[in-house]
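Residue numbers (my numbering): -2 to 793.
One structure is given below, encoded as structure tokens.
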């Protein structure tokens, strides 16, 4: 075994390089706007008349489009707007023109997107849910469903499923892969890492969310270091998203507040308060909420043990426009959760002892944005400093249960992420549309303060990522766009055994998009991603049998994808319109050298019995898989909308998706830190919006087919019979915003309306990740039965 000192010497040059890189990053962040301002001013002076005309033309066009967008939004929500005061409108316009994407028209938003085929998609209709490989969820969708869990947030997308029945145990699966294989960011703050393999990696109050963008296969260039399968970008709300506007998009108020309260029949409550305000250059938002679930009953009417939880959440946002080109933003969000559950929190049984689960998630981001005006030379510049702190404290209540897992113990886990990102973005007007490049750094640290160090086995791990990225988009003939980009990342990892690991690699991708007609876009893409060895699963820090290979290699993924997007709008008359859209995606992903923390290679004996099972053998050996993982799959979405601008809007949509994670020619048995196999999933949605009365009725059905197969257990190199039952779940939503009471909202959600008993197919199938043989869970936590939630909200 190599000595720790020699391996540290190997990493030392990288650390020195990192310090120099960070110094350059900070210097660039400070100096780049000044240099860009100088270039911008010189360019403006040399071309003043032409520049002025161009700006006036753009403002006129923007105002026209903004007015149409605001009028459409007002009709869709069934709300009315009063006229704005001149001063308020002007203040809002000045700020929104420069920075506010929430108030900007769609054309402005499209211009601000980086590395997208701008010229090629210039004539296409805006797609509210994104392209075939991109899933978007808006605040309006979340609010209309009163979503409090991830399964409710993503209920409309058949390619996304959530395992775990309670909020404390929910795990997000995208195309069958765990969220740990994605880069997850909240307002730019990385949520990298894993505290406990029985819990998920995305913790946020859904009502704080402005939008979620999931890029499948290929992640966002600047934020996808170490992401094998894509990225999840969560953006929280700003004050200007909540303040009322008139038909032109200008603010009609500078201060406001909102309060809401709701009760659940199965069984709990929720309340929230928000205050927000804006001046000419500054806006601020403060939001707090509490949600409590006393318990819930499953579809058979049985009270589910371990379903009690409570969550407090808060959000603070501050934006300040230094001038017309520079903006500072500060975001801080937090979630404090308390739950009572078994040690393996996503299981439920009468013979498990219960634990207090106390979780915290704090994320903070400080960002600076520079946007040049009237110049094609100076780049847009974005720099971000971020910090994320997550804690998990487990303490047993009473005596041990006879069904407790042998690893069950108290834990006090802390996970830290911190980093910096600098990105420069140039936009042009020729064949070359844009160039983007930059640097980033991320540090990660995990510890279990109750784990007792023993010999060389420590109770903590740390890692760092040093990265650089560059990408460009080229357009040809107004119908063809080529996007090429790459990252290069260096990963350093100091593990709990005192070993140092150095891994590195490129992450290139190439995308070709062809738009033969305005309504149709075809896309062919390939992407390779590199994820080096880094800290993982902090719950293993106290397990002295868990070993780590001395020679961990970087993991790599290769994603091949073909997408089709069709979106056709038609005006049937002056007030009647219709829209039809369909999106299809076929993909194949290959993952090489996947790092598996639970490989049962040495087969160390443990002679205990559990529920009549004989003692099992295992050795938690973190190492690379010997062979490639293969994940083919498909997605298909279609929708039809019919609208009368003054009376109604009808929306019908459907989606179907399935992925097939495979190893050695067989579908996988569910694998912690990797993925889960589910049957084909179908979603059907219907909504009818009565605009004149402010009433919206919605129905959403989710169907999951039974799946039975011989699953490959990568922990023990064996095949095991897997049989997961199918189910269908139906939900009804009613939203009412009375015309006569501005600011009042009444929302009714009845989920699982037919009281179906079911266990999510992405909940764990085995009690022990490393147990050999058919160790199927017969007591996985079932999902809630029928639940009626009534919410009353008021905005002033």
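Backbone N, C-alpha and C fix where the C-beta goes; we use that ideal spot for every residue, glycine too.
{"Item": "Hey, would you say residue 439 sits closer than 9 Å to residue 456, going by beta carbons?", "Value": "no"}
{"Item": "What are the residues that DSSP puts in a beta bridge with residue 631?", "Value": "583 and 655"}
{"Item": "Which residue comes first and which comes last in the alpha helix (DSSP H) that contains residue 136?", "Value": "136 to 141"}
{"Item": "Residue 690 by DSSP, collapsed to three states: which one?", "Value": "helix"}
{"Item": "What would DSSP say about residue 78, mapped onto helix, strand or coil?", "Value": "At residue 78 the pLDDT is 36, less than 50, meaning the model places this residue with poor confidence and gives no usable figure here."}
{"Item": "Which of the three DSSP states is assigned to residue 553 in this structure?", "Value": "strand"}
{"Item": "Note the first and the last residue of the continuous alpha helix (DSSP H) segment covering residue 150.", "Value": "147 to 150"}
{"Item": "Report the rounded CA-to-CA distance for residue 159 versus residue 299, giving the unit in angstroms.", "Value": "22 Å"}
{"Item": "Taking the beta strand (DSSP E) that residue 493 falls in, what are its first and last residues?", "Value": "Per DSSP, residue 493 belongs to no beta strand (DSSP E) and is neither H nor E."}
{"Item": "Could you give the residue range of the beta strand (DSSP E) that holds residue 339?", "Value": "323 to 339"}
{"Item": "Suppose you measure from the CA of residue 593 to the CA of residue 304; what does that come to, to the nearest Å?", "Value": "30 Å"}
{"Item": "Near residue 280, which residues of its chain fall below 6 Å by C-beta distance, leaving aside the five closest residues on each side in sequence?", "Value": "236, 237 and 316"}
{"Item": "Looking at C-alpha atoms only, which residue of 351, 361, 277 and 294 is the closest neighbour of residue 183?", "Value": "361"}
{"Item": "Using the C-alpha atoms, what's the distance from residue 476 back to residue 739?", "Value": "45 Å"}
{"Item": "For residue 395, is the classification buried or exposed, using 16 other Cβ atoms within 10 angstroms of its Cβ as the cut-off for buried?", "Value": "exposed"}
{"Item": "For residue 245 and residue 178, what's the separation of their Cα atoms in angstroms?", "Value": "43 Å"}
{"Item": "Could you say if the region 530 to 537 and the region 485 to 504 meet the contact criterion of at least three C-beta pairs nearer than 8 Å?", "Value": "yes"}
{"Item": "Count the other C-beta atoms from every protein chain shown that fall within 10 angstroms of the C-beta of residue 793, then say buried if there are 16 or more, exposed otherwise.", "Value": "exposed"}
{"Item": "With DSSP run on the structure shown, which of helix, strand or coil describes residue 753?", "Value": "coil"}
{"Item": "Do residue 151 and residue 166 have their C-beta atoms within less than 9 Å of each other?", "Value": "no"}
{"Item": "Compute the Euclidean distance between the alpha carbons of residue 363 and residue 786, then round it to the nearest angstrom.", "Value": "36 Å"}
{"Item": "Going by the CB atoms, is the gap between residue 349 and residue 336 shorter than 9 Å?", "Value": "no"}
{"Item": "Could you tell me which of 473, 679 and 531 sits nearest to residue 510, measuring between CA atoms?", "Value": "473"}
{"Item": "Within 10 angstroms of the Cβ of residue 721, are there 16 or more other Cβ atoms? Answer buried if so, exposed if not.", "Value": "buried"}
{"Item": "What's the C-alpha gap between residue 220 and residue 416?", "Value": "11 Å"}
{"Item": "Report the rounded CA-to-CA distance for residue 755 versus residue 504, giving the unit in angstroms.", "Value": "40 Å"}
{"Item": "Residues bridged to residue 682 by DSSP?", "Value": "650 and 697"}
{"Item": "Cβ atoms of residue 701 and residue 676: under 9 Å apart, would you say?", "Value": "yes"}
{"Item": "When the Cβ atoms of the region 249 to 265 are set against those of the region 210 to 224, are three or more pairs found closer than 8 Å?", "Value": "no"}
{"Item": "How big is the Cα-Cα spacing for residue 747 and residue 729?", "Value": "5 Å"}
{"Item": "What are the uninterrupted segments assigned as beta strand (DSSP E) that are 3 or more residues long and contained completely in the region 301 to 325, given in chain order?", "Value": "305 to 318"}
{"Item": "Scan the region 370 to 419 and note each continuous beta strand (DSSP E) run of 3 residues or more that stays entirely inside, going in chain order.", "Value": "377 to 394"}
{"Item": "Is residue 541 near residue 451, with beta carbons less than 9 Å apart?", "Value": "yes"}
{"Item": "In chain order, what residues of the same chain lie with their CB nearer than 7 Å to the CB of residue 703, ignoring the 5 residues before and after it?", "Value": "676, 721, 722 and 723"}
{"Item": "Within the same chain, show all residues whose beta-carbon is closer than 6 Å to that of residue 310, passing over the 5 residues directly before and after it, in chain order.", "Value": "202, 286 and 332"}
{"Item": "Alpha carbon to alpha carbon, how far is residue 651 from residue 514?", "Value": "24 Å"}
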